[in-house]
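Taking it in order: structure first as structure tokens, then the write-up.
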Amino acid sequence: MASAKDSSVQFNWKQFLNAFGPLFGLMLVIALFSLSPELRPVFFTGGNAKLILTQTVIVATGALGMTLIIVSGGIDLSAGSVVALSSVVAGNLLIQDFHPATAILLTILAGGCIGAINGSIIAGFRMVPFIVTLGMMGIARGAAKWMANNQTVNPEENPLNRIMEPVNPLALWPLPLGVWITMILALLMIVVMKYSVFGRYVFAIGSNEDTARLCGIRVRFNKIMIYTLAGFFFGLAGLMQYSRLTQGDPTVAIGLELEIIAAVVIGGASLSGGSGSISGTILGALIMGVLKSGSSQMNWPTYMQEIIIGIVIILAVGLDKWRHGRQT
Amino acid sequence: MTRAAPKRLEMIGVQKRFGATHALRGVSFEVGPSEIHTLIGENGAGKSTLMKVLSGVHAPDEGRILLDGKAFKPSNPHHARLAGIAMIYQELNLAPDLSIVENITLGDEPGRWGWRDTKKQRSSALEALEKLDHASLPLDKPVRQLSIAEQQIVEIARALIRQPKVLIMDEPTSSLTQVDVQNLFRVIGLLRDSGVSVVYISHFLEECQQISDRFTVLRDGASVGTGDMKQVELQDIIRMMVGREMRDIYPRRQHTIGDPLLELDKLAGKRKPRSVTIQLRKGEIYGIAGLVGAGRTETLRACFGLDRVASGRIAIHGKENTHAIPRQRLDQGIGLLSENRKEEGLLLNRDLADNLTLTRFSAFARMGFIPRSIQLKTAQKWIDKLKVKTRSPSQSISELSGGNQQKIAIGRLLHHDAEIFLLDEPTRGIDIGSKAQIYSLISELAIQGKAILFVSSYLPELLGICDTIGVMYRGEIKASRPASEWTEHNLISVAVGQSEDQTAPATHGQC
């Protein structure tokens, strides 16, 4: 592993912040809620932890894909719509009596398809990701409503409904399957981002596309791969969304893309590309999950939550900027 | 030159520390009115820190600065500007879509209540340009449409509008052609004659010698020598800069030239180049001279597959292969060093190891995954070989000096094990020690039988290390022959499109 030979104080401090900034954020948020004596007994229970994890999973899964995109210097505004579309696709497939495994596969593929289309347009026509995915946001949402005839899709009882089911709501264990899936995928993505050639290329493209091209990286091909892979994650998030509501809902997850982007950004990624990490993203998603859960248990109105999360985003990015400003 | 007059600017024992780094260890120099004073020093010698102290970005820890005999302690750049210190940076700071007038008066628009007085704006812009003898520039044209040299004039005019006492210019000629450099020097001379003190920073010693009245040499953050330019030999300055004798930085080492590796036949791109015919042989260092804009960079880019080839042929190892993408070129053993280190050449926010190994992860990747320890070990090997000053291969490349960054960029081609090196201005903006090292590296490559296509605007280095030199003019190679048959004078004549005496046919002689 990397061994920093020189151990000047400044260097370590920086590394330390880079690695643990989001973790401190999470600990700080938890610590703040623990200040309230009436919240403490309810907040620190296994059941509540499970609830937070279950609520965070959809954002976190989407954020795994979004991290790829943002690190490569792009953005995907269609993520929320794709989640809704996939939830409808899952519902429709189950109504038509597809085998659950087939339904899972096709739902995830549907997300991947949208991603592939996004990526192809962005790479092929050199269009700005913001615009392309803004368009796709409308297209996917419309398609979802169309496929669902403008109403929710309610299949009969089936195994997919249980992916997100809290079997015993009062205890931490057993965790819902969806939480496990996301944890495993996150670990996998950490390795991919850090140690795979593809991962290095994602960072290289986000860091400087011209240099990437100069160094023989097939930028277009890799971009299509990035958006497609992210699409798979959005599809999976849609599947979880379906399972959470046990119905396909074309109007669900409105604005979810912004929550996903917020998680990635709180986790330390830069929207100009080239930096970010999966572990940061997951912590970012958890910070938002804890904030939401905590403030609703404090009986703060939703507008308070929204204001708080808004402040947290600005604070996180501001801190990041300040930290990087110190480096040079 | 008025030596007896009071000093315009004096720095006395200025020191500055950043944490553990002692960036300035005692700098003293003085500039009189109507004097062009050159600051010379290797990268990392402290020139830029010194300029930042002068322009109010950093406050000195020790020492004094006097402006017109009075203590000068700028608290920020704006304050320094008001006091009469104007700074022209290496990278131009213009708003490309605004017109010349708007750029010159930017931040200083004459007018009232936020409404600008366009007539006055125009006249004051014109006045500034007149002082520079460039009143003929199209005042309403967006700056984007001007040449780099013209943009620089606009930048200087902008500085003039605030009536500066001291004008600091940091490497103003690094992206100019010979002709534009001469024009710039004339402009700087006009400024001096109008009473402005000019502090001139440059890597090009010959230029410094031509333009300046006095000089100060910086080494390791301290001023080590100062004097009249007329009374000093370049060798002495170089000795002061590096602290050691550097008699010949161009190694002329014996190497044999073999069969053609890369042949360009009437190569043309979309706009540039128009017709380039070059035969690059094994073990050959082929230099391409020419003005900026002659199509030299575009030729390399077309070779490498970054730009599309419109017509003509490219043959590699005698086999025609005209159209390819960079990945294929890399696989064929061709490597390109970009002239634009910061914008294109390097991944500035990644570490050294990634930057070094990016084109050939396959050297150590297993099943698509990169064992980090082996990557770091590989990177360390190149860092040692190229004597890059760095803490570790996982350091971010943005923390390195220009010369060390360039070594990493070249190291990437070495790691790639390229056979044909397309080097675009490999020594631009780097210190003389790194330059010497790159020259000897290039000749070592030639000895190993690699082929090098070397684009440069700096004629002495082309004449110093190349076997063959071709001169480009308006997208074509106008003349090509052994370096020994060229002189600087001839090279410039061909580059500006004039006929030279006894023009030799464009054939290769044996070196």
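Protein chains in written order, with the working numbering: chain A, 685 to 1012; chain B, 1332 to 1842.
Here a beta-carbon is modelled for each residue, glycine too, at the ideal position from N, C-alpha and C.
All values derive from a computational prediction rather than experimental measurement.
Exercise. Quick one: what's got a C-beta closer than 6 Å to A921(A)'s C-beta in the same chain, skipping five residues either side?
Worked result: I742, T745, G746 and V767
For this session: Rounded to whole angstroms, what's the CA-CA distance from R1339(B) to K1718(B)? Just pull it up for me.
Result: Between R1339(B) and K1718(B), the alpha-carbon positions lie close to 41 Å from each other.
Problem set entry | Entirely enclosed beta strand (DSSP E) segments - the stretch 742-773 of chain A, minimum 3 residues | Runs of the beta strand (DSSP E) inside the stretch 742-773 of chain A: none found.
Exercise. Is it right to say A1426(B) is buried, meaning 16 or more other beta carbons lie within 10 angstroms of its own, or is it exposed?
Worked result: exposed
Exercise. From the beta carbon of A1696(B), is the nearest beta carbon of chain A less than 8 Å away?
Worked result: yes
Exercise. When DSSP labels each residue in this structure, what does Q1848(B) get in the three-state scheme?
Worked result: Absent from the model: residue 1848(B). The displayed extent of chain B is 1332 to 1842, so no value can be given.
Problem set entry | Whether V1001(A) touches G890(A) by CB criterion (8 Å) | no
For this session: Examine the ligand FMN and report whether any of its heavy atoms sits within less than 7 Å of the Cβ of V876(A).
Result: Inclusion of the ligand FMN in the displayed structure is not the case, the ligand content being empty and no account of it being possible.
For this session: Provide the residue span of the alpha helix (DSSP H) that contains P843(A), from first to last.
Result: It is not in any alpha helix (DSSP H) - P843(A) carries neither H nor E in the DSSP assignment.
Problem set entry | Beta-carbon proximity of L1784(B) to L1611(B), cut-off 8 Å | Using a Cβ distance threshold of 8 Å, L1784(B) and L1611(B) count as a contacting pair.
For this session: Assign Q1541(B) to one of three DSSP states: helix, strand, or coil.
Result: helix
Problem set entry | Backbone CA spacing between Y1770(B) and I1580(B) [nearest angstrom] | 7 Å
Exercise. Who are the neighbours of D894(A) on chain B, taking C-beta pairs under 7 Å?
Worked result: E1674 and E1675
Problem set entry | Where the beta strand (DSSP E) through H1654(B) begins and ends | No beta strand (DSSP E) contains H1654(B), which DSSP labels as neither H nor E.
For this session: Let me know if V1825(B) comes out buried or exposed under the rule of 16 or more other beta-carbons within 10 Å of its beta-carbon.
Result: buried
Exercise. When you compare only the Cα positions, how much space is there between G1780(B) and G1636(B)?
Worked result: 23 Å
For this session: Give a yes or no on whether the C-beta atoms belonging to L1678(B) and D1755(B) are separated by under 8 Å.
Result: no
For this session: Determine, using beta carbons only, whether D1685(B) comes closer than 8 Å to chain A.
Result: yes
Exercise. Buried or exposed: which applies to G1589(B), given that a residue is buried once 16 or more other Cβ atoms fall within 10 Å of its Cβ?
Worked result: exposed
Problem set entry | Y987(A): contacting residues in chain D (beta-carbon distance under 9 Å) | The question asks about chain D, but that chain is absent: this structure's protein chains are A and B.
For this session: Anything in chain B within Cβ reach of R902(A), meaning under 8 Å, just list it in chain order.
Result: Neighbours of R902(A) in chain B, taken as residues whose beta carbon is under 8 Å from its own, are I1656 and R1658 in chain order.
Exercise. Going by beta carbon distance, what residues of the same chain come within less than 6 Å of M1500(B), once the five residues before and after it are set aside?
Worked result: In the same chain as M1500(B), and ignoring 5 residues on each side of it, the C-beta atoms closer than 6 Å to its own belong to I1419 and Y1531, in chain order.
Exercise. When the Cα of L752(A) is compared with those of Y885(A), M924(A) and S979(A), which residue comes out closest?
Worked result: Residue Y885(A) is the option with its Cα nearest to L752(A).
Problem set entry | Y1804(B) versus R1605(B), S1525(B) and P1757(B), residue with shortest Cα-Cα distance | R1605(B)
For this session: For my contact list, I1796(B) and S1774(B) are in at a C-beta cut-off of 8 Å; report their separation, rounded to the angstrom.
Result: Right, their Cβ atoms sit about 6 Å apart.
Problem set entry | Cβ neighbours of D1448(B) in the same chain (closer than 6 Å, five flanking residues each side left out) | P1441 and G1442
For this session: Kindly confirm or deny that the stretch 778-789 of chain A and the stretch 836-851 of chain A touch, where touching means at least three C-beta pairs closer than 8 Å.
Result: yes
Problem set entry | For P725(A), the first and last residue of its enclosing beta strand (DSSP E) | Segment R724 to F727 is the alpha helix (DSSP H) holding P725(A); no beta strand (DSSP E) there.
Exercise. Does the stretch 1693-1707 of chain B come close enough to the stretch 1727-1745 of chain B that 3 or more CB-CB pairs lie under 8 Å?
Worked result: no
For this session: With DSSP collapsed to three states, give me the class of Q1610(B).
Result: strand
Problem set entry | Chain-order list of residues whose beta-carbon lies under 8 Å from that of C899(A) (same chain, five-residue window excluded) | Excluding its 5 nearest sequence neighbours in each direction, C899(A) has C-beta neighbours in its own chain below 8 Å: A888, listed in chain order.
Exercise. So which residues on chain B does L920(A) lean against when the C-beta distance must stay under 7 Å?
Worked result: None at all; the shortest Cβ gap to chain B is about 22 Å.
Exercise. Counting contacts by CB-CB distance shorter than 8 Å, is G1600(B) in contact with chain A?
Worked result: no
Exercise. In chain B, which residues lie with their C-beta within 8 Å of the C-beta of A888(A)?
Worked result: L1678, R1681, D1685 and L1689
For this session: Pick helix, strand or coil for L1366(B), following the three-state DSSP scheme.
Result: Residue identity differs from the one stated: residue 1366(B) is Glu in this sequence, not Leu. Here E1366(B) sits in coil by DSSP.
For this session: Output yes if chain B places a C-beta closer than 8 Å to the C-beta of L898(A); else output no.
Result: yes
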